[in-house]
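Here the structure is laid out as structure tokens; the discussion comes afterwards.
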Amino acid sequence: MIIFIDPSYKDYYKNQLFNANNEVLNRDNTLAPYIRMENSLKTKNITIKTADYLIENPEDYPSGDYYSLGLLDNLDKVSNIKNIKLKSFILFEPPVVAPKLYAQLPKLTDLFETVYVHNTRGDGYSLNGVNVSKLRKLYWPQPYNTVLENYWGRTERQNRIVVINGNHKPKSYNCELYSKRIEVISHLKKSKLIDLYGHGWLKWWSRSSMWLPYFKHRSSLLSVYKGTCVSKLDTLSQYNFCLCFENMYMESYITEKIFDCFYAGTIPIYMGAKNIDELIPTKSYIDYRCFKSLEELKNYIVKLSPQELSEYKESGREFIESEEGLKYYDSISQIIQSNSLSDS
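Heads up: the sequence shown at position 95 corresponds to 76 in my numbering, and the numbers run straight through without jumps.
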């Protein structure tokens, strides 16, 4: 058996999706779920390759299973290759980032055996024309199943908030949290309680900056901007708190952002998944929605005792080591297991 994976970006072609030594693509070990999957499949004598090998030389592969991690470019070509089974299409990005993908859901559920989305109820997107029987819940793949002690155990931390996000703007505006993130940074700047890291914040001329929230708050953003960071986890571990807003307010939409906080022992101030309390223990994060104002939030975090800080951290550790946490750690391997190996 051979399995082909079409990555979310072509930078991962030529099997770079499985290359632990690629320092650019594997920053903070983000490729670990795919490398684990490749190693596991090898023990079963199953070959896995990025889909460019199939696209370039389809005649070399008399059969195979095809998975896409959100790339539409090759869909028409692959669907016409004989004996290639379209197994699963996985939508990592939310509708505010990739509205075109969600517009293609009727076609995707027609072509693929299964389609993985953050929630299967249509919260944040339309189910019109979609074969909902093919939708499956996606758990965002994570590199670790425990904390990283060299970061998590760091005791010398600033009792302040860090934000690690690039400067982007949404492609769709319904329930986006980009502007909310900017507003909170701008407000907390007055208290000298927040630092901002990430790419693109200085580039006022870029397309990502061409919207009102950026220009309205640009002065405040740049006053707390600290540049880019080589390692998210190392930077997180220097702070007690992280402003952890997903890109969209949508049911069950949880990404690596909150997990990175747990790995580094940094307490997430979270907003994103509407039902976060059903998915992650409430004692492991601070729910932004629980505060009537930013002043109330600020007063809460600055008064937390060392014992209370420790309790948040321990709860985060317990979650990622739990069965619920392992759903994210094992996500990609489970998708392959369910769709390609269950009948083998």
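In this text, a Cβ means the ideal position worked out from N, Cα and C, and glycines have one as well.
Cα separation between phenylalanine -15 and valine 205?
Roughly 44 angstroms separates the two Cα atoms.
So, for leucine 260: in the same chain, excluding its five sequence neighbours on each side, which residues have a beta-carbon less than 8 angstroms away from its beta-carbon?
These residues qualify, in order along the chain: Ser233, Ile235, Ala254 and Glu305.
Could you say if the segment 62 to 73 and the segment 86 to 95 meet the contact criterion of at least three C-beta pairs nearer than 8 angstroms?
Between the segment 62 to 73 and the segment 86 to 95, the count of C-beta pairs closer than 8 angstroms reaches three or more; the two stretches touch.
Could you tell me if tryptophan 133 is buried or exposed, where buried requires 16 or more neighbouring beta carbons within 10 angstroms of its beta carbon?
Buried is the call here.
Below 8 angstroms on the Cβ atoms is my contact criterion, and I expect serine 312 with tryptophan 121 to pass it. Report the Cβ-Cβ distance as a whole number of Å.
Between serine 312 and tryptophan 121 a beta carbon distance of about 7 angstroms is seen, short of the 8 angstroms cut, so the two are scored as contacting.
Less than 7 angstroms between C-beta atoms, sequence neighbours within five positions excluded: which residues of the same chain meet that for lysine 88?
Closer than 7 angstroms at the Cβ level, and outside the excluded window around lysine 88, lies no residue.
For a test of the three-state rule: what should DSSP assign to phenylalanine -15, helix, strand or coil?
In the three-state scheme derived from DSSP, where H, G and I count as helix and E and B as strand, phenylalanine -15 is classed as strand.
Three Cβ pairs or more, each shorter than 8 angstroms: is that satisfied between the segment 245 to 254 and the segment 211 to 226?
In this structure the segment 245 to 254 touches the segment 211 to 226; the number of beta carbon pairs closer than 8 angstroms is three or more.
Using the Cβ count rule (16 or more neighbours within 10 Å means buried), how would you classify proline 76?
That one is buried.
How do the segment 296 to 304 and the segment 236 to 248 stand: do at least 3 beta-carbon pairs fall below 8 angstroms, yes or no?
They touch, by the three-pair rule.
Can you give me the start and stop residues for the alpha helix (DSSP H) that proline 331 sits inside?
The requested residue 331 does not occur in the structure, where the chain is confined to residues -18 to 325.
Are glycine 181 and asparagine 148 touching if we call contact CB-CB under 8 angstroms?
In this structure, asparagine 148 lies closer than 8 angstroms to glycine 181 by Cβ.
Do you know whose CA, among Asp41, Asp33 and Gly246, lies nearest glutamate 292's CA?
By alpha-carbon distance to glutamate 292, the top candidate from Asp41, Asp33 and Gly246 is Gly246.
Put lysine 161 into one of helix, strand or coil per three-state DSSP.
When DSSP states are grouped into helix, strand and coil, lysine 161 belongs to the helix group.
Three-state secondary structure (DSSP) at isoleucine 250?
Isoleucine 250 falls in the strand class under three-state DSSP.
Out of curiosity, what's the CA-to-CA distance linking leucine 56 and proline 151?
Distance from the CA of leucine 56 to the CA of proline 151, rounded to the nearest whole angstrom, comes to 25 angstroms.
Can you tell me whether DSSP reads phenylalanine -1 as helix, strand or coil?
Note: phenylalanine -1 maps to helix in three-state DSSP.
Count the other CB atoms, across all protein chains shown, that sit within 10 Å of the CB of glycine 45; report buried if there are 16 or more and exposed otherwise.
Buried: at least 16 other Cβ atoms inside 10 Å.
Assigned secondary structure, threonine 11 (DSSP; H/G/I helix, E/B strand, else coil):
Note: threonine 11 maps to coil in three-state DSSP.
Using the beta-carbon count (16 or more within 10 Å), is methionine 18 buried or exposed?
Methionine 18 should be labelled buried.
Sub-8 angstroms separation of aspartate 9 and serine 212 beta-carbons:
The beta carbons of aspartate 9 and serine 212 sit closer together than 8 angstroms.
Please report the residue range of the beta strand (DSSP E) in which leucine 89 lies.
In the DSSP annotation of this structure, leucine 89 is not part of any beta strand (DSSP E); the continuous alpha helix (DSSP H) holding it starts and ends at 86 to 92.
Distance check for leucine 307 and leucine 158, CA to CA, integer angstroms please.
If you take the alpha carbons of leucine 158 and leucine 307, they lie about 27 angstroms apart.
Report the residue ranges of all beta strand (DSSP E) runs contained in full by the segment 216 to 282; include only those spanning at least 3 residues, in chain order.
If we require 3 residues or more, the beta strand (DSSP E) runs fully inside the segment 216 to 282 come out as 220 to 226 and 248 to 252.
Within 8 angstroms, strictly: CB atoms of serine 49 and aspartate -13
Result yes, Cβ atoms of serine 49 and aspartate -13 sit closer than 8 angstroms.
Nearest by alpha-carbon distance to isoleucine 29: which of Leu52, Arg135, Gln(-3) and Asp54 is it?
Considering only alpha carbons, the answer is Gln(-3).
Taking the DSSP output, what are the residues bridged to tyrosine 293?
Beta-bridge analysis with DSSP links tyrosine 293 to no other residue.
Given a cut-off of 8 angstroms, decide if asparagine 140 and valine 283 are closer than it, judged by their beta-carbon atoms.
Yes, the Cβ-Cβ distance between valine 283 and asparagine 140 is below 8 angstroms.
Report the rounded CA-to-CA distance for lysine 118 versus valine 98, giving the unit in angstroms.
Our two residues, lysine 118 and valine 98, have alpha carbons roughly 5 angstroms apart in a direct line.
Do leucine 202 and leucine 275 have their C-beta atoms closer together than 8 angstroms?
Going by C-beta atoms, leucine 202 is not nearer than 8 angstroms to leucine 275.
Quick one: grab the DSSP three-state call for lysine 68.
Of the three classes helix, strand and coil, the one that applies to lysine 68 here is strand, per DSSP.
In angstroms with no decimal places, state the Cα-to-Cα distance between glutamate 40 and serine 21.
Rounded to the nearest angstrom, the two C-alpha atoms are 27 angstroms apart.
Excluding the 5 residues flanking tyrosine 42 on each side, which residues of the same chain have their C-beta closer than 7 angstroms to its C-beta?
Within the same chain, Ile(-17) and Leu35 come within 7 angstroms of tyrosine 42 by CB-CB distance, once the 5 residues on both sides are set aside.
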